[in-house]
Amino acid sequence: MRKNKNSDEMVVDKNITRRCDGYSFRVRMMVSGVRIDERFDTLAEARAFRDRKRADLAMDPTAKLVLQSREAKREAARLTLGSLLERYEREVTPTKKGKQPELLKIKRLRGFSIVGLPAQFIDRTVLLDFLREGQAEGWSSSTARKYLMLISAVFTVAIQRWGHNLTNPVRSIEIPSNGAGRTRRLETGEYERLLVSLQKSRCHYMPALFVLAVETAARRGELLKLDWKDVDLMAGTAVLRDTKNGEDRVIPLSSLARKTLRSLPRTITGGQVFPVNENTLRTSFEMAIRRALRTYKKECAEVGKEPSAGFLAGLRFHDLRREATSRLFEKGFDIMEASAVTGHKTLSMLKRYTNLRAEDLAKKLG
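Residue numbers are given in the UniProt record's numbering: position 51 of the sequence shown equals residue 51, and the series is strictly consecutive.
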């Protein structure tokens with residue numbers, strides 16, 4: 001038993017108190033919006049009265065609806081976008097091929113105030129405020145689109161799979177377009193400087209990953225999943241398993257790709273060619289760019305040359321896939337041959353990953 005603060009009564013059971021100076025028992029409770037306050041001589045009488053009122057309440061259809069509505073409101077208030085996002089991350093994201101990029105988006109999305117709001121209150125106005133918040137951080141239209149598509153996916157799953165009574169707010173706004181595709185390729189001197197810088201990485205596999213990315217047009221995830229049992233150096237081929245489009249893909253290996261693979265440590269039992277995780281690859285690549293850029297600027301200063309503002313600027317590891325794809329066409333591959341190597345299913349996607357240099361096309365014209 002515990003004593004009520006500022007009271008001469010002791011709590012003895014739910015909704016029941018006893019006077020400290022006697023044996024009078026008091027029942028206080030709400031029934032269908034009506035406050036009940038009755039006194040009894042014994043605890044048994046008080047409990048019987050309370051339980052009967054509870055039973056009456058349970059049988060009252062109007063009271064049931066009131067209680068259900070009240071509980072629904074409480075549940076809705078607890079159901080924030082953050083809680084939906086947490087369940088989505090736990091149950092849905094792991095089933096996707098592109099789970100690592102999505103996990104990163106979820107992590108970044110948690111830094112915005114929108115995740116703390118009840119899902120039922122997220123509407124067009126809230127989403128527009130969220131987009132303005134993102135734009136203040138320098139989001140492109142493509143980035144904004146990705147976050148909105150993630151939020152839309154979370155609501156869709158919550159409604160269709162988990163049975164929540166919600167409306168998808170993303171349908172109420174115009175989703176930004178993808179915008180112009182990236183055209184970034186390696187500029188003159190960037191390949192050589194990056195390779196030298198990558199050789200100083202703590203991750204000793206980075207130089208080989210860099211070379212293989214440019215030589216094969218393979219995606220980052222495809223390279224990291226590559227297994228020695230799928231590499232045939234005699235035939236000059238490698239099999240990329242479980243690729244983004246769901247199919248295995250056999251790719252040719254150039255002489256440089258084969259030479260690079262031969263230089264890597266290999267156990268008798270095989271295993272991963274590159275025992276590296278995506279986070280290590282990303283951070284190692286970014287650090288290599290910074291090292292190479294410092295060296296470049298230092299050398300420019302020593303000879304009194306103004307460094308190029310665009311040198312190594314904005315380069316991402318994924319841009320190497322565009323570099324590799326463009327090189328295939330520059331080597332004379334036709335569309336069918338190039339798509340067989342890159343795995344692109346449509347011409348439009350292949351075009352997004354191709355950026356042919358005008359000077360190379362001019363040479364073909366003669």
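Every residue gets a Cβ at the ideal spot worked out from N, C-alpha and C, and that includes glycine.
Secondary structure at V157: helix, using DSSP grouped into helix, strand and coil.
L128 is the residue among L128, V214, T295 and A324 whose C-alpha sits nearest the C-alpha of P176. Taking one beta carbon from each stretch, the stretch 303–317 and the stretch 249–260 have fewer than 3 pairs nearer than 8 angstroms; the two do not touch. Taking C-beta atoms under 8 angstroms as the contact rule, V157 and V92 qualify, at a distance of about 6 angstroms. Of the residues assessed, T295 falls on the exposed side of the cut-off, its CB having fewer than 16 other CB atoms within 10 angstroms.
Excluding residues up to 5 positions away in sequence, F112 lie with their Cβ nearer than 7 angstroms to the Cβ of E133 in the same chain.
Under the three-state reduction of DSSP, Q199 is assigned to coil, being neither helix nor strand.
Inclusion of V126 and I151 in the CB contact set at 7 angstroms is not warranted, their separation being larger than that value.
When only Cα atoms are considered, D41 and V34 end up about 23 angstroms apart. In this structure, the CA atom of S142 is about 4 angstroms from the CA atom of N178. With 16 or more neighbouring CB atoms inside 10 Å of its own CB, I114 falls in the buried class.
The Cβ-Cβ distance between P118 and T80 falls below 7 angstroms. In the DSSP annotation of this structure, the continuous segment of the beta strand (DSSP E) that includes V31 starts and ends at F25 to V31. Inclusion of P207 and L194 in the CB contact set at 7 angstroms is not warranted, their separation being larger than that value. Put simply, of K225, G82 and E187 the residue whose alpha carbon is nearest the alpha carbon of R241 is K225. The alpha-carbon of D51 is positioned some 59 angstroms away from that of N279. When L186, G270 and Y147 are compared, the shortest CA-CA separation from V211 is found for L186. Proximity to Y191 across E215, F130 and K107 peaks at E215, based on C-alpha coordinates. For A238, no alpha helix (DSSP H) segment is defined; the enclosing uninterrupted segment is the beta strand (DSSP E) at T237 to L240. Counting every other CB atom within 10 Å of its CB across the protein chains shown gives F25 a total of 16 or more, marking it as buried. Taking a contact as a CB-CB distance under 8 angstroms, the pair R262 and W228 does not count as one, their CB atoms being some 12 angstroms apart. Taking 8 angstroms as the upper bound for CB-CB distance, R184 and R322 are in contact here, some 7 angstroms apart. The criterion of a C-beta distance shorter than 7 angstroms is satisfied by T243 and G343.
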